[in-house]
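Report on the following structure.
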Amino acid sequence: MDKNRVASITSDLIDAVRDVCIKHAVTHTEYRAAIDFVSRAIDAGERSLLFDAFLEANVVASDPTKITGTTSQVLGPFYLPDMPFLKDGVMARENELGERLRVSGKVLNCRSEPVGGVELDFWQADASGRYSHFDGGATPDKNLRGRIASDETGDFFLETVKPAQYTIPDQGPTGLLLREMGRHSWRPAHLHVIARHSDYSTLTTQIYFEGDEYLESDAVRAASTDLAFPLNYDGDQAILSFNLVLQDIDSTS
Ligand code: BEZ
Ligand code: FE
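Residues in the sequence shown are numbered from 1164 upward in steps of one, following the numbering used here.
Printed below as a string of structure tokens:
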């Protein structure tokens, strides 16, 4: 990171903290308690959870390089890289519990042209709200994670199960702080996806379901209603359709 940016961001941050200390007459005991709190969260393995829950949405929302295209969302603490490429877009095991869901759409650029060959890296919670690898081994390795690609007409298809709404891990320091702030720990149901293509800016986003009761009170203050899509049915088959719009790398409009 550029040295001048380190200097200017850090000094503005210190000034902002000083303003908060003055506004609330923060005591030395409270200052020490805050340091202990952050240390406890890190010791409890919540470093990413704590910062992603309270700060990441601010950084995403203020990104000056994000000008157009599908709204970005937080990556969060549950992403794993290098997940398998899925055969025929099937991400859910045959015996995966939950409502089977067909996800489809198109990847477009900002001129509404289809973009083929886009890598779409999906991950999600299961129907009980658990993320594989972060659930103490309750679900199989790499469960409900995987990559697909858009075809030459920009179309993509994924077969999965509907993710549940879930509480972010709330039995440790992060959950305690949320409760002390009078906030709940629920997130609306969502699919995470990162869209990658060498000609476009990488898009990290989340797709929500229209009407979800936690869209307006997301624990991590990330959810955006423009990313909420209706769950439709073809007979018994649940279907979710949305397009992803990529921003050019050198986008100025
Ligand atoms: C998530 O969407 O998985 C997430 C984001 C921020 C904090 C916790 C979870
Ligand atoms: Fe999530």
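All residues carry an ideal CB built from backbone N, CA and C; glycine is no exception. Values in this document were obtained by computation on a predicted structure and should not be read as measured data.
Residue i, buried or exposed, once every other Cβ within 10 Å from all chains shown has been counted against 16
i     : result
S1404 : exposed
A1288 : buried
I1370 : buried
N1258 : exposed
N1221 : exposed
Y1396 : exposed
D1413 : exposed
Y1194 : exposed
Q1105 : Nothing can be reported for residue 1105, as the shown portion of the chain is limited to 1164 through 1416.
L1366 : buried
Q1410 : buried
A1196 : exposed
D1199 : exposed
A1301 : exposed
D1375 : buried
D1381 : buried
L1321 : buried
T1368 : buried
L1176 : exposed
Nearest-angstrom Cβ-Cβ length linking residue i and residue j, presumed shorter than 8 Å
i     : j     : result
T1323 : A1255 : 5 Å
G1309 : P1247 : 5 Å
L1340 : S1348 : Going by Cβ atoms, the distance from L1340 to S1348 rounds to 10 Å, so no, they are not a contact pair.
A1312 : E1282 : 6 Å
Same chain only: Cβ atoms within 6 Å of residue i, ignoring 5 sequence neighbours per side
i     : result
P1326 : Q1287, A1288, A1352
V1169 : none
S1416 : Because the pLDDT of S1416 is 46, which lies under 50, any placement of that residue in the model is unreliable, and the number read from its coordinates should be weighed accordingly. Excluding sequence neighbours, S1416 sits near nothing in its chain.
Closest by C-alpha distance to residue i, when choosing among the options
i     : options                    : result
I1402 : L1394, L1409, V1408        : L1394
D1389 : V1356, T1233, T1367        : T1233
M1344 : F1217, G1317, V1278, F1285 : F1217
L1213 : L1407, I1357, I1331        : I1331
G1252 : L1307, V1278, A1204        : L1307
I1357 : L1407, V1180, K1166        : L1407
L1260 : L1283, A1290, G1280        : A1290
E1315 : H1360, D1298, M1164, H1355 : H1360
R1293 : R1350, L1264, T1231, R1346 : R1350
D1298 : F1285, I1172, Y1329        : Y1329
Distance cut-off 8 Å: residue i Cβ against heavy atoms of the ligand FE
i     : result
A1224 : no
Y1377 : no
R1384 : no
H1355 : yes
G1252 : no
Y1371 : no
G1239 : yes
Y1396 : no
Q1328 : no
Close Cβ partners of residue i (< 8 Å) along its chain, the five nearest in sequence each way excluded
i     : result
D1215 : V1237, L1238, G1239, P1240, V1383
K1305 : L1243, M1246, P1247, S1295, H1296
R1181 : none
V1183 : V1189
Proximity test, residue i beta-carbon vs the ligand BEZ heavy atom, cut-off 8 Å
i     : result
R1181 : no
E1219 : yes
A1255 : no
L1212 : yes
Own chain partners of residue i with C-beta closer than 7 Å, once the 5 adjacent residues on each side are dropped
i     : result
G1317 : K1269, V1270, L1271, P1277, V1278, G1279
L1319 : A quick correction: the sequence has Phe, not Leu, at residue 1319. S1267, G1268, V1270, L1283, I1311, S1313.
L1378 : P1351, Y1371, A1386, T1388, A1391
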